[in-house]
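2 protein chains.
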Amino acid sequence: MNNTFKAACIQQSVANNDKAQNHAHTAQAIRDLANQGVKLVVLQELHSTQYFCQTEDTDVFDFAEPLAGDEAHSVQFFQALAGELDIVLVTSLFEKRAAGVYHNTSVVFDGDKLAGKFRKMHIPDDPGFYEKFYFTPGDNDPDDAFNGFKPIETRLGKIGVLICWDQWYPEAARLMALAGADILCYPTAIGWDINDDKAEQTRQKNAWTMIQQSHAVANGVYVISANRVGWEASPEGNGLGIQFWGGSFIAGPQGEMLAHADDDKEQNLIAEIDIKRSEDVRRIWPYLRDRRVDAYQHINKRLID
Amino acid sequence: MNNTFKAACIQQSVANNDKAQNHAHTAQAIRDLANQGVKLVVLQELHSTQYFCQTEDTDVFDFAEPLAGDEAHSVQFFQALAGELDIVLVTSLFEKRAAGVYHNTSVVFDGDKLAGKFRKMHIPDDPGFYEKFYFTPGDNDPDDAFNGFKPIETRLGKIGVLICWDQWYPEAARLMALAGADILCYPTAIGWDINDDKAEQTRQKNAWTMIQQSHAVANGVYVISANRVGWEASPEGNGLGIQFWGGSFIAGPQGEMLAHADDDKEQNLIAEIDIKRSEDVRRIWPYLRDRRVDAYQHINKRLID
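Which chain is which? The protein sequence lines are A and B, in order.
Position one of the first sequence corresponds to residue 0 (numbering that gives the first Met the number 0), numbered consecutively onward.
Position one of the second sequence corresponds to residue 0 (numbering that gives the first Met the number 0), numbered consecutively onward.
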């Protein structure tokens with residue numbers, strides 16, 4: 000396992016739903032990064048298309064693909080690319096698992112090997128983000144000792160992938176860290192409602208940034224968050240839409256910013272990762288030593304009432 | 000219950016271990032705040048003395064007091080003061096519960112009533128912060144349905160008090176919020192090792208700030224953190240000591256700073272609290288709705304290995 004390497008995330012705008020074109024656009028950025036020696040690349044949430052959850056439309060399920068077999072075009076494309084460039088690649092795909100069961104799924108490639116997948120566990124639903132219509136939550140399979148929060152083994156360490164809404168849950172980050180994650184990666188698609196005033200928009204973006212940095216702090220791990228950027232009009236043609244706020248970042252195990260993108264343009268971020276630093280940080284801030292595991296059982300409750 | 004009120008925290012230096020003198024100094028600040036209409040005041044950790052955990056010294060246990068009876072001088076003093084000013088007051092005391100059983104305990108007064116107490120659950124131990132020598136961790140009493148993380152009912156709402164090292168644990172904040180806490184209060188004593196370089200000091204203080212702000216975000220509650228400030232030399236006379244970094248703050252339920260103290264002087268912070276705003280924030284960011292309570296059970300484990 001390499002202890003030090005260059006990691007990157009790609010923040011892009013998506014102009015349409017032509018998957019081949021979008022894949023080519025993303026592949027160009029991945030190649031550029033690999034040419035700079037980057038070994039780990041994290042893509043934004045559902046990067047193959049525009050963010051399609053602004054409406055509830057049954058035709059949208061046609062965007063989904065299985066993860067294996069002849070129809071697994073996206074998996075084949077990114078697996079071949081990761082193999083050619085010999086990198087670890089964290090993708091974010093719309094998975095068709097069965098008729099009527101679709102997931103928001105990150106597939107991770109370690110070179111030409113499909114190293115593992117993570118299915119989004121927490122599914123949001125609010126105006127313009129109608130994800131509960133599209134995505135079945137990730138399984139808590141009784142056969143899975145990790146209850147769905149399973150880091151993915153790669154040559155660069157264990158990657159704890161969590162997706163967008165998962166990022167607001169300290170429990171998710173903690174479970175990944177307890178299971179050995181060295182790095183948390185968050186493919187994301189979040190933006191502003193343009194009807195909110197500037198102060199509310201600022202509070203929202205700051206909250207989004209700090210909650211993810213806090214997962215680095217609480218767990219002494221690196222965090223890589225890749226968000227999309229740019230305006231996407233609602234398909235309903237009602238004048239509404241989402242201004243995706245970019246702001247992708249890479250943070251170190253004390254939550255410190257190593258690289259931080261702007262809110263209004265495409266950008267590739269690169270940072271040097273030193274997995275050994277997690278060890279150093281945890282020695283002086285040994286939170287995991289002092290957890291009151293005897294007293295947390297009510298975390299499993301909806302409310303304590 | 001008042002929905003809107005002024006809350007405050009007091010950031011002070013402590014020059015010696017004369018409890019009567021230190022209580023008088025703190026009482027003056029509390030009176031000043033009450034005269035400005037403040038209804039909730041949060042004090043810093045172990046405000047009656049200097050931070051005595053820089054060494055392990057059995058004589059230090061003499062600073063501790065029971066919470067009831069003739070020897071409960073600190074309780075009597077602050078209970079009378081809260082009653083006279085008719086405020087809610089969050090104190091932080093060194094409790095003697097029995098010979099050999101001492102706690103780091105926050106006692107909360109609602110006017111002249113002792114509303115409740117919280118005993119620090121997570122006890123740190125690292126160079127200069129030898130707390131495991133002095134403090135028995137707070138109970139997870141099988142008769143206590145809250146497992147030790149019990150908010151305290153007051154006229155201003157439910158106060159979830161957590162103390163210093165507790166602040167690094169998202170589980171603690173979450174449990175208080177699930178049990179109905181409207182406001183999280185953190186009496187704190189944290190500072191810099193002057194042998195660390197400026198970059199490390201900056202990372203540490205930023206991490207401390209953001210982890211607590213993140214509890215506001217994750218739970219949609221107000222956070223009030225009161226930290227001490229100034230230099231306290233080690234009693235060992237070895238030239239070592241702690242530069243307490245102040246930086247006390249009051250944050251709203253999106254983590255936004257409402258008031259933020261400097262790192263080098265005594266300061267009283269005041270902010271307007273509107274408990275109703277938690278309701279509004281949770282309606283648009285309903286994290287509690289989507290928690291995967293079916294999949295968090297391993298939070299109770301030390302590690303998932």
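Beta carbons: idealized from backbone N, C-alpha and C, even for Gly.
Item, Value
"State yes or no: is the beta carbon of Val-193(B) nearer than 7 Å to at least one beta carbon in chain A?", "A small correction: the amino acid at residue 193(B) is Ile; Val does not occupy that position in the sequence shown. Ile-193(B) does not count as touching chain A."
"On the DSSP bridge assignment, give the partners of Asp-273(B) in chain order.", "Thr-3(B)"
"Could you give the residue range of the beta strand (DSSP E) that holds Val-222(B)?", "221–226"
"Are there 16 or more other CB atoms within 10 angstroms of the CB of Lys-264(B), so buried, or fewer, so exposed?", "exposed"
"How far does the alpha helix (DSSP H) with Glu-94(A) in it extend, from its first residue to its last?", "From DSSP, Glu-94(A) is part of no alpha helix (DSSP H) but of the beta strand (DSSP E) over 92–97."
"Taking 8 Å as the cut-off, does the segment 157–169 of chain A touch the segment 111–125 of chain A (at least 3 CB pairs, one atom from each stretch)?", "yes"
"Could you give the distance in angstroms between the alpha-carbon of Arg-288(A) and the alpha-carbon of Leu-302(B)?", "10 Å"
"From Lys-131(B) to Lys-112(B), what distance separates their C-alpha atoms?", "31 Å"
"Please name the residues in the segment 285–303 of chain A whose beta-carbon is closer than 9 Å to at least one beta-carbon of chain B, in chain order.", "Pro-285, Tyr-286, Leu-287, Arg-288, Asp-289, Arg-290, Arg-291, Val-292, Asp-293, Ala-294, Tyr-295, Gln-296, His-297, Ile-298, Asn-299, Lys-300, Arg-301, Leu-302, Ile-303"
"Going along chain B in order, which residues have a C-beta closer than 8 Å to the C-beta of Asp-279(A)?", "By Cβ distance, chain B contributes nothing, its closest Cβ being about 11 Å from Asp-279(A), past 8 Å."
"With H, G and I counted as helix, E and B as strand and the rest as coil, what does DSSP make of His-297(B)?", "helix"
"Less than 7 Å between the C-beta atoms of Phe-7(A) and Ile-269(A), yes or no?", "A small fix is needed here, since residue 7(A) is Ala in this sequence, not Phe. For Ala-7(A) and Ile-269(A), yes; Cβs fall inside 7 Å."
"Could one say the Cβ of Asn-218(A) lies closer than 7 Å to chain B's Cβ atoms, at least one of them?", "no"
"Arg-202(B): which of Gly-254(A), Gln-203(A), Lys-5(A), Gly-179(A) sits nearest, CA to CA?", "Gly-254(A)"
"Helix or strand or just coil, what does DSSP make of Ile-151(B)?", "strand"
"Tell me whether the beta-carbon of Ser-213(A) lies closer than 7 Å to the beta-carbon of Ser-224(B).", "no"
"Using the rule of at least 16 other Cβ atoms within 10 Å of the residue's Cβ for burial, across every protein chain shown, is Ile-158(B) buried or exposed?", "buried"
"Leaving out five residues on either side along the sequence, give the residues of the same chain with a beta carbon under 8 Å from the beta carbon of Ala-171(B).", "Met-120, His-121, Phe-148, Leu-161, Asp-165"
"Within 10 angstroms of its Cβ, does Pro-136(A) collect 16 or more other Cβ (buried), or is it exposed?", "buried"
"Under 7 Å between C-beta atoms, does Leu-268(B) make it to chain A?", "no"
"Of all the residues that make up the segment 243–262 of chain B, which are near chain A by a beta-carbon distance shorter than 7 Å?", "Gln-253, Gly-254, Glu-255"
"Return the bridge partner residues of Asn-103(B) from the DSSP annotation.", "Phe-93(B)"
"Could you check if Val-160(B) belongs to the surroundings of the ligand COA, using beta carbon to heavy atom distance under 6 Å?", "Here there are no bound small molecules, and the ligand COA is not part of this structure."
"Taking only beta-carbon positions, decide if Ser-213(A) is within less than 7 Å of chain B.", "yes"
"Give the interface partners of Trp-230(B) over in chain A, defined as CB-CB distance under 9 Å, in chain order.", "The contacting residues do not exist; Trp-230(B) stays about 21 Å from chain A at best."
"Considering only residues of the segment 151–232 of chain B, which uninterrupted beta strand (DSSP E) runs meet the minimum length of 3 residues and lie entirely inside it, listed in chain order?", "151–153, 156–160, 182–187, 221–226, 228–232"
"Measuring straight from C-alpha to C-alpha, what distance separates Lys-275(B) and Thr-3(B)?", "8 Å"
"For Gly-36(A), count the other beta carbons within 10 Å of its own beta carbon; 16 or more makes it buried, fewer makes it exposed. Which is it?", "exposed"
"If we count the other Cβ atoms within 10 Å of its Cβ and call it buried at 16 or more, is Gln-20(A) buried or exposed?", "exposed"
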